[in-house]
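With positions in the sequence shown counted from 1, the corresponding number in the numbering used here is that position plus 355.
We put the beta carbon where it would ideally sit given N, CA and C, even for glycine.
Notes follow once the structure below has been shown.
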Amino acid sequence: MPSLRSLLTLSRRGVFSLPAFAAMPALADNPAAQHPDPPPPDPASFHFPRDFAFGVSSSAYQIEGAVHADGRGTSIWDEFCHDPCRTSDGKNADIADDHYHRFAEDVDLIGDTDLRHYRFSIGWPRLFPEGGGKPNPKGFAFYDRLLDKLLAKGVTPWMTLYHWDLPQALQEKGGWTNRDTAYRLADYAAAAARAYGDRVSNWLVMNETAVHAYIGHGLGYHAPGLTGVDNWFSALHHLNLGQGLAIQALRASGAKGRVGTVAACEPVIPSSPAAQDVLAAQTLDAAWNGGVLQPLFEGTYPDLIAQYTAPHVRTGDKALMAQPVDMLGINYYSRLYIEHNPARPLNLFFGPNKHPSPYYAGGWPIEPDGMYEILTSIQNRYKPREMFISENGYATGTPDASGVPLDDVSRISYITQHLHFLRKAMDAGVNMKGYFVWSLLDGFEWNDGMKWHFGLVTVDPVTLKRMPKRSYHWYGAVARAHENASIQV
Ligand code: IFM
């Protein structure tokens with residue numbers, strides 16, 4: 356099975372390894388990729404309004420490890436990583452960064468570099484090992500400890516409820532292809548709100564619904580490994596429905612925080628001007644961007660995909676999906692390049708990127724102007740109350756014997772370029788309120804195991820020692836300069 360990363364360099368995340376693209380220039384042959392990175396800019400040279408948040412993001416399954424600790428249940432990703440392990444490097448997340456036991460040190464890392472905002476997810480199977488029913492007090496207690504530590508350190512929590520780690524017990528009843536899972540998400544949201552509502556100021560229901568639906572249920576490269584158009588759109592609709600129900604549940608619980616969600620949004624570009632490629636790109640745009648934003652803001656699905664969601668939509672779903680949100684998080688990495696492909700669901704698949712973009716080692720094109728493009732288009736079409744970049748980040752590859760490079764000027768350059776286009780979007784009228792780097796730590800990168808290193812801080816795979824990279828210090832200095840600036844515009 357090709358890795359997802361190898362699939363998406365076809366556009367978003369790497370496909371250099373796919374035979375069809377063997378003719379594409381390798382990374383080292385790409386002239387743009389060889390430009391030396393400029394020296395890191397002065398951290399005080401960025402100017403953002405006072406209420407703009409600089410933060411870091413993570414997710415439970417990618418860093419926590421301790422998958423058997425304290426009564427945690429099994430998730431679909433535990434299944435995906437075992438018997439047989441379906442990650443491209445054969446690694447699982449049983450230990451990952453062992454954040455479960457080392458969270459205090461990790462929170463210190465955030466606060467010590469003056470980052471004041473942390474987006475993380477809570478693990479549904481930790482709180483409800485069977486997906487619902489009997490809660491697991493020790494699981495609840497872990498996030499109590501994490502929240503208390505964050506607040507003591509002066510770090511604002513941004514809590515994501517669902518970042519892909521569905522309890523396996525729910526998967527056995529159909530998972531997201533079963534409408535009932537949407538209602539179980541709402542129950543879980545209500546329980547989280549009752550437990551943590553006194554301390555969480557920012558609630559985020561979903562992470563990247565489009566990716567979970569397409570890659571996990573349409574293509575099968577992610578857990579739960581389902582394939583086909585019907586699974587794809589059944590999961591998409593039930594995720595959108597669950598999101599609406601969970602937003603309602605959070606509000607009904609009286610939790611004091613603001614409520615929002617996170618979507619992966621990228622411009623979708625045809626790999627060629629051929630009519631079939633154009634239609635393929637428009638269709639994926641409808642499923643990936645429109646298939647998540649339109650139900651949320653307008654309660655409907657884009658025309659190009661409505662026939663696939665229709666069998667799953669019931670009377671009243673429109674109103675349930677279209678819940679007002681206080682803020683919308685956008686995860687942006689790069690544009691998606693799509694072509695006609697009759698062998699794939701909906702006759703479309705990731706295709707080559709004809710632009711001379713530089714690529715980073717993870718195989719994704721570096722296209723910071725695409726961030727401007729997607730933010731302005733979302734602002735114009737949906738006019739969200741406010742938005743923030745909930746993820747944006749740069750991966751280096753599997754380390755050689757000398758380890759992960761700590762002098763990561765390329766990551767600094769990547770962040771710098773994206774902050775530039777984020778600022779440009781704000782100047783064009785987009786109401787952006789924050790930027791979160793993906794990620795705090797190098798962690799488990801889903802079906803690519805431990806291959807890619809997105810962290811500001813690397814973690815020794817044997818000793819689990821945390822080692823900050825240059826970007827950690829530099830990005831912290833950006834946040835500090837922002838806090839201390841006398842003029843913030
Ligand atoms: O690691 C993932 C994250 O879980 C979701 N957004 C993209 C990141 C990088 O692949």
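>> Between which two residues does the beta strand (DSSP E) holding M514 run?
In response: As a position in the sequence shown, residue 514 is number 159, starting the count at 1. Per DSSP, M514 belongs to the beta strand (DSSP E) from 511-517.
>> Please state whether the Cβ-Cβ distance between P622 and G784 is less than 8 angstroms.
In response: Taking the first residue of the sequence shown as position 1, residue 622 is located at position 267. Taking the first residue of the sequence shown as position 1, residue 784 is located at position 429. No, they are not a contact pair.
> Do you know offhand how far R457's Cα is from A421's?
Replying inline: For this step, residue 457 is matched to residue 102 along the sequence shown. For this step, residue 421 is matched to residue 66 along the sequence shown. The straight-line gap separating the alpha-carbon atoms of R457 and A421 is approximately 11 angstroms.
> In three-state terms, what does DSSP make of T429?
Replying inline: For the purposes of this step, residue 429 is taken as residue 74 along the sequence shown, with counting starting at 1. Here T429 sits in coil by DSSP.
> Using the C-alpha atoms, what's the distance from L703 back to Q631?
Replying inline: Taking the first residue of the sequence shown as position 1, residue 631 is located at position 276. Taking the first residue of the sequence shown as position 1, residue 703 is located at position 348. Going by the C-alpha atoms only, they are around 9 angstroms apart.
> In the region 385-420, which residue ranges form an unbroken beta strand (DSSP E) of at least 3 residues, counting only runs that do not cross its ends?
Replying inline: Counting only runs that start and end inside the region 385-420, the beta strand (DSSP E) elements of at least 3 residues fall at 408-412.
> Given that a residue counts as buried once 16 or more other Cβ atoms are within 10 Å of its Cβ, and exposed if not, what is Y827?
Replying inline: In the sequence shown, counting from the first residue as 1, residue 827 sits at position 472. Buried, since its Cβ has 16 or more Cβ neighbours within 10 Å.
> Which whole-angstrom value is the C-beta distance of R554 and L502, which I expect to be below 8 angstroms?
Replying inline: As a first step, residue 554 is located in the sequence shown; it is residue number 199 there, counting from the start. As a first step, residue 502 is located in the sequence shown; it is residue number 147 there, counting from the start. Correct: roughly 5 angstroms between the Cβ atoms.
> DSSP state of S476, grouped into three classes?
Replying inline: Start at 1 with the first residue of the sequence shown, and residue 476 comes out as number 121. For S476, the secondary structure class from DSSP, reduced to helix, strand or coil, is strand.
>> Could you check whether the region 495-513 touches the region 560-578, counting it as contact only if at least three pairs of C-beta atoms, one from each stretch, sit closer than 8 angstroms?
In response: no
> So who's on the other strand from W793, going by DSSP bridges?
Replying inline: Within the sequence shown, residue 793 is the residue found at index 438, counting from 1. Answer is S412.
> Between G445 and the rest of its own chain, which residues show a CB-CB distance below 8 angstroms, the 5 nearest in sequence each way excluded?
Replying inline: Residue mapping note: residue 445 aligns to position 90 of the sequence shown, counting from 1. If we look at G445 and ignore the five residues flanking it on each side, its Cβ neighbours are G804.
>> Taking its Cβ as the centre, do 16 or more other Cβ atoms sit within 10 Å of E746, making it buried, or is it exposed?
In response: On the sequence shown, residue 746 is found 391 positions in, with the first residue counted as 1. E746 comes out buried.
> In chain order, what residues of the same chain have a beta carbon less than 7 angstroms from the beta carbon of D762, not counting five sequence neighbours either side?
Replying inline: Reading the sequence shown from its first residue, position 407 is the one you call residue 762. Counting only Cβ-Cβ distances below 7 angstroms, and skipping sequence neighbours, we find R825.
> With a CB to CB cut of under 7 angstroms and the five nearest residues on each side skipped, what residues in its chain are close to A636?
Replying inline: Walking along the sequence shown from the start, residue 636 turns up at place 281. These residues qualify, in order along the chain: V623, I624, P625, I693.
> Cα-Cα, which of F652, A698, W807, T751 is closest to Q734?
Replying inline: To locate residue 734, count along the sequence shown from 1; it is residue 379. Taking only the C-alpha atoms, the option nearest Q734 is F652.
> Which residue from H773, P579, A451, A415 puts its Cα closest to that of R860?
Replying inline: Residue 860 falls outside the range modelled here, since the chain spans only 356 to 844, and no answer is possible.
>> My output table needs one value for G684: the three-state DSSP class, helix, strand or coil.
In response: For the purposes of this step, residue 684 is identified with residue 329 of the sequence shown, where counting begins at 1. G684 falls in the strand class under three-state DSSP.
> Between which two residues does the alpha helix (DSSP H) harbouring S768 extend?
Replying inline: Reading the sequence shown from its first residue, position 413 is the one you call residue 768. Its alpha helix (DSSP H) spans residues 764-782.
> At a cut-off of 7 angstroms, is W479 close to the ligand IFM when judged by its beta-carbon and the heavy atoms of the ligand?
Replying inline: For the purposes of this step, residue 479 is taken as the residue at position 124 of the sequence shown. Closer than 7 angstroms to some heavy atom of the ligand IFM: that does not describe the Cβ of W479.
>> My assumption, with CB atoms under 8 angstroms, is that S689 sits in contact with R613. Please give the rounded CB distance.
In response: Position 334 of the sequence shown, counted from the first residue, corresponds to residue 689. Position 258 of the sequence shown, counted from the first residue, corresponds to residue 613. At roughly 29 angstroms, the Cβ-Cβ gap does not stay under 8 angstroms, so S689 and R613 are not in contact.
>> With a threshold of 8 angstroms, are at least 3 pairs of Cβ atoms found where one atom belongs to the region 541-553 and the other to the region 510-520?
In response: yes
> With distances taken from CA atoms, which of W531, R606, G609 is nearest T582?
Replying inline: Within the sequence shown, the letter at position 227 stands for residue 582. It is W531 whose Cα lies nearest to the Cα of T582.
> Which whole-angstrom value describes the C-beta separation of T616 and L675, a residue pair presumed to lie in contact below a C-beta threshold of 8 angstroms?
Replying inline: As a working note, residue 616 is residue 261 in the sequence shown. As a working note, residue 675 is residue 320 in the sequence shown. With 8 angstroms as the limit, T616 and L675 do not qualify as a contact, their Cβ atoms being about 14 angstroms apart.
>> Between which two residues does the alpha helix (DSSP H) holding V617 run?
In response: For this step, residue 617 is matched to residue 262 along the sequence shown. Note, V617: premise wrong, no alpha helix (DSSP H); beta strand (DSSP E) at 613-619.
> Ordered along the chain, which non-local residues of its own chain (more than five positions away) have a Cβ less than 6 angstroms from that of I450?
Replying inline: Translated into positions along the sequence shown, residue 450 becomes position 95. G420.
>> With H, G and I counted as helix, E and B as strand and the rest as coil, what does DSSP make of H695?
In response: Reading the sequence shown from its first residue, position 340 is the one you call residue 695. Strand at H695.
>> Is it buried or exposed, P650, if we count other Cβ atoms within 10 angstroms and call 16 or more buried?
In response: Within the sequence shown, numbered from 1, the residue matching residue 650 stands at position 295. Classification of P650: buried, given that the 10 Å Cβ count is 16 or more.
>> Within the continuous beta strand (DSSP E) that includes E746, where are the two ends?
In response: Within the sequence shown, numbered from 1, the residue matching residue 746 stands at position 391. From DSSP, the beta strand (DSSP E) with E746 extends over 742-746.
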